[in-house]
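Here's the structure, in structure tokens; my notes come after.
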Amino acid sequence: MWSIVNFAKDNSVSAVPSHWWKNGYCALPKSSAKHPLFLLQRRAIPNKFEYDFFKARIMHTKNPIKYYIDAKERARKAQFTSELSSDDES
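For the working numbering, count along the sequence shown from 1 and bump the result up by 991.
Encoded structure:
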């Protein structure tokens, strides 16, 4: 499953694998990681060597997001609103 997260430091919004967010922090591949997009799309398990952890909050979604392409689109829309509306949930 996928989640939409809002990063506190720069107020950016991203689609990430749901298991990358835990206890108010979200994992993101380090800029030095090989193939960061591959890690994202394959929903790799975060580790302290290839990932940094940033303070973030999950933006409200009622329904689980099953596909990366849908999560990416919701993240794009969420950049312009503080919450995902029910229209985005269908």
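Cβ coordinates follow ideal geometry from the N, Cα and C atoms, glycine included.
Nothing here was measured: the structure is a model prediction, and the numbers come from that model.
With Phe1044 as the anchor, note down where its alpha helix (DSSP H) starts and where it stops. No alpha helix (DSSP H) holds Phe1044; the beta strand (DSSP E) holding it covers 1042-1049.
Using CA coordinates, which residue listed in His1010, Lys1046, Thr1052 is at the minimum distance from Ala1035? His1010
Taking all protein chains shown into account, decide if Asn1014 is buried (16 or more other Cβ within 10 angstroms of its Cβ) or exposed. exposed
Buried versus exposed, by CB contacts within 10 Å (16 or more), Pro1008: buried
Count the other CB atoms within 10 Å of the CB of Asn1002; is the residue buried (16 or more) or exposed (fewer)? exposed
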